[in-house]
Amino acid sequence: MTRTVHVPLGDRAYDVRIGAGLIARAGAEIAPFLARPRVVIVTDENVGRLHLPALETALRQEGIASEALTLPAGEATKSWPNLTRVVEWLLEQKVERRDIVVALGGGVIGDLVGFAAAILRRGVRFVQMPTSLLAQVDSSVGGKTGINSPHGKNLIGAFHQPSLVLADIGVLDTLTPRDFLAGYGEVMKYGLLGDADFFAWLEGNAPRLRDDMDARAHAVAHSVAMKAGIVERDETEQGERALLNLGHTFGHALESATGYSDRLLHGEGVAIGCALAFELSARMGLCSQEDPSRVGAHLAEMGMPARLSDVPGDLPGDAELIALMGQDKKVVDGKLRFILARGIGQSFVSDDVQHSDLLEVLSASR
Numbered sequence: 010m011t012r013t014v015h016v017p018l019g020d021r022a023y024d025v026r027i028g029a030g031l032i033a034r035a036g037a038e039i040a041p042f043l044a045r046p047r048v049v050i051v052t053d054e055n056v057g058r059l060h061l062p063a064l065e066t067a068l069r070q071e072g073i074a075s076e077a078l079t080l081p082a083g084e085a086t087k088s089w090p091n092l093t094r095v096v097e098w099l100l101e102q103k104v105e106r107r108d109i110v111v112a113l114g115g116g117v118i119g120d121l122v123g124f125a126a127a128i129l130r131r132g133v134r135f136v137q138m139p140t141s142l143l144a145q146v147d148s149s150v151g152g153k154t155g156i157n158s159p160h161g162k163n164l165i166g167a168f169h170q171p172s173l174v175l176a177d178i179g180v181l182d183t184l185t186p187r188d189f190l191a192g193y194g195e196v197m198k199y200g201l202l203g204d205a206d207f208f209a210w211l212e213g214n215a216p217r218l219r220d221d222m223d224a225r226a227h228a229v230a231h232s233v234a235m236k237a238g239i240v241e242r243d244e245t246e247q248g249e250r251a252l253l254n255l256g257h258t259f260g261h262a263l264e265s266a267t268g269y270s271d272r273l274l275h276g277e278g279v280a281i282g283c284a285l286a287f288e289l290s291a292r293m294g295l296c297s298q299e300d301p302s303r304v305g306a307h308l309a310e311m312g313m314p315a316r317l318s319d320v321p322g323d324l325p326g327d328a329e330l331i332a333l334m335g336q337d338k339k340v341v342d343g344k345l346r347f348i349l350a351r352g353i354g355q356s357f358v359s360d361d362v363q364h365s366d367l368l369e370v371l372s373a374s375r
């Protein structure tokens with residue numbers, strides 16, 4: 010069964026389709042959006058090897074021609090050189106504003122290709138086909154696109170909504186256990202930021218997501234519906250949408266400190282960041298100590314990192330980590346902004362964090 014979550018943004022509204030086998034049906038799903046029977050696809054080496062042939066076959070079955078560009082896999086691909094490469098390739102393919110560019114891959118491909126589509130001819134249409142759990146529940150929905158800078162993550166980008174999102178939850182079976190769990194960091198985040206009942210459901214059901222397709226469909230659809238509601242109310246992150254960054258101020262600093270490498274995947278950084286955000290909230294007297302204990306226990310049960318000490322290799326000192334947080338997009342007037350919580354499911358934005366509390370939380374996590 011395919012579930013549909015609608016993202017209601019007026020003339021930029023679109024559907025997120027969630028279910029197993031959507032790549033095999035992609036031609037029929039995409040055909041209604043085409044002005045001419047042709048698409049271009051951008052993917053990466055790992056995803057292309059696993060899923061590009063099936064997508065090309067599905068398009069051919071509907072009489073849709075396609076060309077594909079395959080990029081290196083990994084976070085380092087979200088860069089100026091690869092943005093240039095994608096845009097120039099799209100121009101070589103004579104992509105017009107009414108055409109469709111397909112982003113087939115995880116968050117890196119979705120962010121990069123979405124940004125290329127945003128700036129090509131001042132905006133061409135694109136379809137997100139997220140192939141990782143992280144991309145299905147987070148980065149493919151909401152129109153945030155961009156690349157990284159040596160100064161920090163996602164500092165260059167644009168808001169550009171897709172025309173359609175096809176989240177084939179069946180392809181998540183091809184993820185490594187580590188990549189699947191990294192995506193789960195973003196699923197858990199939704200319960201922590203605004204839905205205590207969903208977090209309680211995850212405490213009882215999350216271990217089944219790897220093997221139970223119904224539980225997986227529920228977790229992905231619920232996460233997407235939560236994000237769609239927030240994006241509808243605050244598309245360009247003027248207020249409530251910032252809550253989606255729970256754990257990210259810490260997580261992005263840790264990703265920067267580890268060189269955006271396989272030492273720490275994005276979802277792992279988010280998981281540690283969520284744990285630290287709740288520890289900081291408890292230290293500031295905003296929530297009970299039971300809340301960070303529940304977060305830590307759940308991450309431990311799932312086999313996920315929850316502390317700085319869980320990051321392999323050496324990390325910079327606390328002061329340097331705080332300096333890295335200063336490059337975060339959420340900094341306003343030079344003040345760090347954190348997503349804190351008054352309890353599980355009760356998050357809010359704060360720029361009133363004492364340096365001493367931050368140092369103590371980081372120190373205790375080592």
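Its first residue numbered 10, the sequence shown is counted upward by one per residue in my numbering. By construction, the Cβ of each residue, glycine as well, lies at the ideal position given by its N, Cα and C atoms. Bear in mind that the values here come from a model prediction, so they are computed numbers and not experimental data.
Residue environment analysis places Pro301 among the buried positions, since at least 16 neighbouring C-beta atoms fall within 10 angstroms of its C-beta.
By the Cβ neighbour-count rule, Leu289 is buried, with 16 or more other Cβ atoms within 10 Å of its own.
Among the bridge pairs identified by DSSP, Ala74 is matched with Arg47. The bridge partners DSSP lists for Thr13 are Arg26.
Per DSSP, the continuous beta strand (DSSP E) segment holding Phe168 begins and ends at Gly161 to Phe168. For the pair Glu65 and Gly354, the Cα-to-Cα distance works out to about 42 Å. Beta-bridge annotation (DSSP): Asp177 is paired with Gly28. The C-beta distance from Leu273 to Leu285 rounds to 14 Å, too long to meet the 8 Å contact threshold. Going by DSSP, Lys236 is part of the alpha helix (DSSP H) stretching over Met222 to Arg242. Between Leu121 and Lys153, the C-beta spacing is not below 8 Å.
Taking each of Val320, Leu68 and Leu324 in turn and checking the Cα distance to Ile109, the smallest one comes out for Leu68. Ile348 sits in a strand when the DSSP states are folded into three classes. Counting along the chain, Asn91 sits inside the alpha helix (DSSP H) bounded by residues Trp89 to Glu101. Bridge partners of Ile109 according to DSSP: Val48 and Arg134. Collapsing the DSSP output to three states places Gly114 in a strand. Bounds of any beta strand (DSSP E) do not take in Ser290; it lies within the alpha helix (DSSP H) bounded by His275 to Arg292.
Gln363 is the residue among Thr140, Ser356, Arg351 and Gln363 whose C-alpha sits nearest the C-alpha of Leu345. Counting other Cβ atoms within 10 Å of its Cβ, Met10 stays below 16 and is therefore classed as exposed. For Val370, there is no enclosing beta strand (DSSP E); the enclosing alpha helix (DSSP H) covers residues His364 to Ala373.
One alpha carbon belongs to Ile281, the other to Val16, and they sit about 29 Å apart. Between Ile39 and Ala77, the C-beta spacing is not below 8 Å.
DSSP, reduced to helix, strand and coil, places Thr245 outside both helices and strands of the structure shown, so it counts as coil. By the criterion of a C-beta distance shorter than 8 Å, Leu211 is surrounded in its chain by Val196, Met197, Gly200, Ala228 and His307, once the five residues flanking it on both sides are discounted. If you ignore the 5 residues before and after Leu252, its C-beta comes within less than 8 Å of the C-beta of Leu202, Gly203, Ile239, Ile348, Ser356, Phe357 and Val358, all in its own chain and listed in chain order. Separation of Ser172 and Gln145 (C-alpha to C-alpha, rounded to the nearest whole angstrom) is 15 Å.
In the structure shown, Val56 adopts helical secondary structure according to DSSP, grouped into three states. About 6 Å separates the beta carbons of Tyr193 and Met311, which is inside the 8 Å limit, making them a contact pair. Closest in C-alpha terms to Lys162, from the list Ala85, Phe135 and Thr183, comes Ala85.
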